[in-house]
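J.: The following block contains the structure, expressed as structure tokens.
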Amino acid sequence: MAPIAKVKGPMYVTLWYFMAAFIWTFLTYAMGNFMPEYFVTGISAGAVGGLFIHDLVGLFVTPLGWGLMYYFVPILLKKPIWSHGLSLVGFWGLAFFYPLNGIHHFLYTPIPMFLQYGAIISTIAVELVVTTVVINFFATLWGSGSQVKTNLPIRWFYTGMVLYFLTCLQCAMQTTLTFQKLIHFTDWVVGHAHLVMFGVFSMWLFGIMTHLIPRIWRVDWYSRNLCEWHYWLSTVGVVVMATDLILAGLFQGYSWAALQPWDASIDLSMPFWAIRIVAGLVMFAGFIVFAYNLFKTWQLVPRASLQTAAPAQG
Amino acid sequence: MFESKAGVLFVAGIVFFGFAFLSNAVVPVLMYEDLPEQTVDELINGQLRYQFEDLAERYPEPFVKAFGKPPANASEEELTKWWNERCGDALRRGKEIYVGEGCWHCHSQFVRPVSNEERRWGPVAKTEEYQNELQRPVMFGTRRVGPDLSREGGRRSNDWHAVHFHDPQSLLKGTPMPRYPWLFDGSPDKPNKDGLALITYVQWLGSWLESYPLYEDYEASDLKDVELTPATEETDE
Numbered sequence: 406m407a408p409i410a411k412v413k414g415p416m417y418v419t420l421w422y423f424m425a426a427f428i429w430t431f432l433t434y435a436m437g438n439f440m441p442e443y444f445v446t447g448i449s450a451g452a453v454g455g456l457f458i459h460d461l462v463g464l465f466v467t468p469l470g471w472g473l474m475y476y477f478v479p480i481l482l483k484k485p486i487w488s489h490g491l492s493l494v495g496f497w498g499l500a501f502f503y504p505l506n507g508i509h510h511f512l513y514t515p516i517p518m519f520l521q522y523g524a525i526i527s528t529i530a531v532e533l534v535v536t537t538v539v540i541n542f543f544a545t546l547w548g549s550g551s552q553v554k555t556n557l558p559i560r561w562f563y564t565g566m567v568l569y570f571l572t573c574l575q576c577a578m579q580t581t582l583t584f585q586k587l588i589h590f591t592d593w594v595v596g597h598a599h600l601v602m603f604g605v606f607s608m609w610l611f612g613i614m615t616h617l618i619p620r621i622w623r624v625d626w627y628s629r630n631l632c633e634w635h636y637w638l639s640t641v642g643v644v645v646m647a648t649d650l651i652l653a654g655l656f657q658g659y660s661w662a663a664l665q666p667w668d669a670s671i672d673l674s675m676p677f678w679a680i681r682i683v684a685g686l687v688m689f690a691g692f693i694v695f696a697y698n699l700f701k702t703w704q705l706v707p708r709a710s711l712q713t714a715a716p717a718q719g
Numbered sequence: 201m202f203e204s205k206a207g208v209l210f211v212a213g214i215v216f217f218g219f220a221f222l223s224n225a226v227v228p229v230l231m232y233e234d235l236p237e238q239t240v241d242e243l244i245n246g247q248l249r250y251q252f253e254d255l256a257e258r259y260p261e262p263f264v265k266a267f268g269k270p271p272a273n274a275s276e277e278e279l280t281k282w283w284n285e286r287c288g289d290a291l292r293r294g295k296e297i298y299v300g301e302g303c304w305h306c307h308s309q310f311v312r313p314v315s316n317e318e319r320r321w322g323p324v325a326k327t328e329e330y331q332n333e334l335q336r337p338v339m340f341g342t343r344r345v346g347p348d349l350s351r352e353g354g355r356r357s358n359d360w361h362a363v364h365f366h367d368p369q370s371l372l373k374g375t376p377m378p379r380y381p382w383l384f385d386g387s388p389d390k391p392n393k394d395g396l397a398l399i400t401y402v403q404w405l406g407s408w409l410e411s412y413p414l415y416e417d418y419e420a421s422d423l424k425d426v427e428l429t430p431a432t433e434e435t436d437e
């Protein structure tokens with residue numbers, strides 16, 4: 406924390422997100438772990454639980470992820486973020502609206518309806534904020550579009566951003582009571598969750614690792630081809646899985662609402678679950694390729710440089 | 201303020217989080233302040249006691265091994281007390297098993313007022329049903345691979361549950377539910393303490409309702425009263 410303490414005056418965007426995330430993560434952890442266990446019960450505990458599971462994504466993972474994007478994208482593209490004003494809107498919009506979303510996980514429960522409406526409206530507001538952030542990043546890319554083809558980390562980042570926009574758009578729709586009626590408790594939500602956590606934040610981390618590892622070890626990747634395989638296996642895998650599960654959710658929801666016997670919803674899910682397994686294995690194959698590439702790259706590192714890099718262990 | 205340490209740390213970090221916490225967590229807590237949390241002892245009802253004693257009759261040896269024997273020559277009052285205490289233990293333990301085995305990953309405990317759920321499961325979930333010790337943490341659930349369980353009590357016999365927990369496939373072909381052989385000492389007629397406790401817990405769900413036990417609506421469809429017109433005559437022409 407010492408460097409942060411020394412900073413005077415305005416800070417860069419990444420620091421807003423990181424500093425706020427450190428506070429939020431601490432508060433979220435304390436709230437979710439202690440409140441429902443020791444202080445509140447039943448329906449109120451459900452409301453706290455909704456805040457908890459939502460804030461873990463919204464106030465821990467999301468700000469850290471965007472903080473990293475605001476750091477790495479300008480470095481890699483060698484130009485500043487397009488609009489500082491939009492950066493401000495993005496951060497403060499997220500800070501205000503995101504914590505208010507929690508109860509949208511438990512719509513139609515006995516939690517008071519006005520709180521459910523509040524959560525729905527805030528969720529749609531988050532989608533508008535997200536749009537400004539995504540516009541800001543694509544405007545930054547404007548003019549350097551070819552980088553997406555040649556610069557692999559940039560491709561990871563922007564694929565993640567496209568999927569982020571899609572998942573937030575999906576969120577703004579599925580949070581409405583009309584959608585909830587149909588898709589709550591189905592695989593639709595599972596597809597949504599995979600799209601966010603793998604399709605966005607894991608992708609960003611992969612992009613950052615693809616960028617940083619050659620710089621840390623001072624060697625090139627063992628195989629640029631394997632890096633490409635990692636990207637394509639992950640992207641195709643997660644897109645297929647999310648599409649498959651989202652579709653499965655619609656079928657399940659209609660089957661339940663039509664009062665078909667429960668087994669019918671299991672039977673109709675089976676083909677979707679089969680595709681899901683294949684898609685999951687494709688994503689996993691991406692990991693294996695990455696791990697293999699990482700290992701082979703590590704083998705290329707000159708031994709002497711490893712020793713100077715870590716003298717304490719010698 | 202928007203880019204300074206103080207703004208980010210205190211306004212975004214603490215004030216905004218606090219505002220959300222007040223409006224989304226403290227408000228429901230205050231609203232339900234007068235709805236006290238029921239203890240397990242307050243939850244035991246006649247329906248549940250019937251199921252619990254039924255377990256003792258069906259599985260005498262495993263039951264005695266798990267919960268002991270009711271005291272001989274005891275007065276009616278003492279006997280009731282003994283049964284209630286054992287029943288309460290079973291409920292508490294059953295809830296721990298339900299949480300620990302991850303039952304709530306695939307089963308919800310709340311009936312929504314939409315999507316015909318009232319027809320399928322029974323009465324829509326009410327606030328007071330959740331204000332008790334066994335809803336810590338609250339068991340709404342997030343995904344239904346299997347059916348909702350909040351009105352499951354009394355729908356099926358204890359035997360059915362024992363066989364089902366031991367090997368779901370033997371009763372429901374093609375079910376994705378895993379087997380739970382560690383709740384038994386080798387065979388479905390020998391549930392251990394955990395098995396008996398879990399069955400007690402499942403039989404408790406919904407036992408407080410007037411409509412207990414709730415069976416699915418098997419009323420015949422109106423469609424069969426519609427007279428079928430013979431279509432063959434026209435096609436013959």
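So the sequences go chain by chain: A and B. Each position in the first sequence, counted from 1, maps to that position plus 405 in my numbering. Each position in the second sequence, counted from 1, maps to that position plus 200 in my numbering. All C-beta atoms, glycine included, are put in the ideal place defined by N, C-alpha and C.
Residues of chain A with CB under 7 Å from PRO376(B), in chain order?
T.: Within chain A, the residues near PRO376(B) are ILE671.
J.: What do you get for TYR415(B), buried or exposed, if any count of 16 or more other CB atoms within 10 angstroms of its CB means buried?
T.: Classification for TYR415(B): exposed.
J.: Does ALA212(B) pass the burial test, meaning 16 or more other C-beta atoms within 10 Å, or should it be called exposed?
T.: That one is buried.
J.: What are the residues in the stretch 514-544 of chain A lying within 8 Å of chain B by C-beta distance?
T.: From the stretch 514-544 of chain A, only THR514, PRO515, ILE516, PRO517, LEU520, GLY523, ALA524 have a Cβ closer than 8 Å to chain B.
J.: Identify the continuous alpha helix (DSSP H) that holds PRO262(B) and give its terminal residues.
T.: From DSSP, the alpha helix (DSSP H) with PRO262(B) extends over 260-267.
J.: Grouping DSSP H, G and I as helix and E and B as strand, with all else coil, what is ALA397(B)?
T.: In the structure shown, ALA397(B) sits in a helix (DSSP, three-state: H, G or I).
J.: Closest to ASN332(B) by CA distance: which of VAL240(B), GLY218(B), PRO347(B) is it?
T.: The candidate whose alpha carbon is nearest that of ASN332(B) is VAL240(B).
J.: Using a Cβ distance threshold of 8 Å, determine whether the stretch 444-453 of chain A contacts the stretch 224-240 of chain B, with at least three qualifying pairs required.
T.: Yes: at least three Cβ pairs fall under 8 Å.
J.: So is SER551(A) buried or exposed if we call it buried at 16+ other beta carbons inside 10 Å?
T.: It is exposed - the Cβ of SER551(A) has fewer than 16 other Cβ atoms within 10 Å.
J.: List the residues that DSSP assigns as beta-bridge partners of PRO391(B).
T.: Paired residues: PHE384(B).
J.: Name, please, each residue of chain A whose Cβ falls closer than 7 Å to the Cβ of LYS326(B).
T.: PRO515, listed in chain order.
J.: Does DSSP put GLN521(A) in a helix, in a strand, or in coil?
T.: DSSP places GLN521(A) in helix when its eight states are reduced to three.
J.: So for GLN665(A), helix, strand or coil by DSSP?
T.: GLN665(A): coil per DSSP, three-state reduction.
J.: Would you say SER449(A) faces chain B, with C-beta separation under 8 Å as the test?
T.: It does: the Cβ of SER449(A) has a partner Cβ on chain B nearer than 8 Å.
J.: Should ARG629(A) go down as buried or exposed, given a rule of 16 or more other Cβ atoms within 10 Å for buried?
T.: ARG629(A) should be labelled exposed.
J.: For a cutoff of 8 Å on Cβ pairs, would you count TRP487(A) as touching chain B?
T.: It does not: the Cβ of TRP487(A) has no partner Cβ on chain B nearer than 8 Å.
J.: Would you call ILE525(A) buried or exposed, if buried means 16 or more other Cβ atoms sit within 10 Å of its Cβ?
T.: It is buried - the Cβ of ILE525(A) has at least 16 other Cβ atoms within 10 Å.
J.: Listing by chain order, which chain A residues have their CB less than 8 Å from the CB of GLN335(B)?
T.: Chain A residues near GLN335(B): THR446, GLY447, ALA450.
J.: Can you check whether the C-beta of ARG351(B) is within less than 8 Å of a C-beta belonging to chain A?
T.: No, no contact with chain A.
J.: Relative to the C-alpha of ASN224(B), which candidate in PHE695(A), SER660(A), TRP634(A), PHE511(A) has its C-alpha closest?
T.: Nearest option by C-alpha distance: PHE511(A).
J.: Quick check on the DSSP output: the alpha helix (DSSP H) that includes TYR569(A) runs from which residue to which?
T.: 557-579 is the span of the alpha helix (DSSP H), which, as asked, contains TYR569(A).
J.: Starting from the beta carbon of LYS586(A), find every residue of chain B whose beta carbon is closer than 7 Å, and list them in chain order.
T.: By Cβ distance, chain B contributes VAL314, SER315.
J.: Look at LEU461(A) and THR419(A) and say whether their C-beta atoms are less than 8 Å apart.
T.: For LEU461(A) and THR419(A), no; Cβs fall outside 8 Å.
J.: Answer yes or no: does any C-beta atom of chain B fall closer than 8 Å to that of GLY498(A)?
T.: No, no contact with chain B.
J.: Is the beta carbon of ILE529(A) closer than 8 Å to that of ALA577(A)?
T.: Yes, Cβ-Cβ distance for ALA577(A) and ILE529(A) is below 8 Å.
J.: Using three-state DSSP, classify ASP436(B) as helix, strand or coil.
T.: With a pLDDT of 45 at ASP436(B), under the threshold of 50, the modelled position of that residue is not reliable, and the figure given next carries that caveat. Residue state, collapsed to three classes: helix.
J.: If contact is defined by three or more beta carbon pairs under 8 Å, each pair taking one atom from either stretch, is the stretch 339-351 of chain B in contact with the stretch 378-389 of chain B?
T.: Because the criterion of three Cβ pairs below 8 Å is not met, the stretch 378-389 of chain B and the stretch 339-351 of chain B do not touch.
J.: Have a look at ILE680(A), ASN556(A), LEU499(A) and flag the residue whose alpha-carbon is nearest the alpha-carbon of THR615(A).
T.: Ranking the options by Cα distance to THR615(A), first place goes to ASN556(A).
J.: Looking at chain A, which residues of the stretch 272-292 of chain B have a Cβ within less than 9 Å of any of its Cβ atoms?
T.: Going along the stretch 272-292 of chain B in chain order, one finds no residue with a Cβ nearer than 9 Å to chain A.
J.: Step through the CB atoms of chain A and report whether any lies within less than 8 Å of the CB of PHE365(B).
T.: Output row for PHE365(B): interface = no.
J.: Buried or exposed for ALA435(A), going by 16 or more other Cβ atoms inside 10 Å?
T.: ALA435(A) should be labelled exposed.
J.: With burial defined as no fewer than 16 other Cβ atoms inside 10 Å of the residue's Cβ, what is the status of ARG681(A): buried or exposed?
T.: That one is buried.
J.: Give, in chain order, every residue of the stretch 576-605 of chain A whose Cβ lies closer than 9 Å to some Cβ of chain B.
T.: For the stretch 576-605 of chain A, which is checked against every Cβ of chain B, the residues closer than 9 Å are LEU582, GLN585, LYS586, LEU587, HIS589, PHE590, THR591, ASP592, VAL594, VAL595.
J.: Under 8 Å between C-beta atoms, does ALA435(A) make it to chain B?
T.: No, no contact with chain B.
J.: Looking at the C-beta of VAL501(A), does it have a partner C-beta in chain B at a distance below 8 Å?
T.: Per the sequence shown, the amino acid found at residue 501(A) is Phe instead of Val. Yes, PHE501(A) counts as interfacial toward chain B.
J.: Step through the CB atoms of chain A and report whether any lies within less than 8 Å of the CB of GLY213(B).
T.: It does: the Cβ of GLY213(B) has a partner Cβ on chain A nearer than 8 Å.
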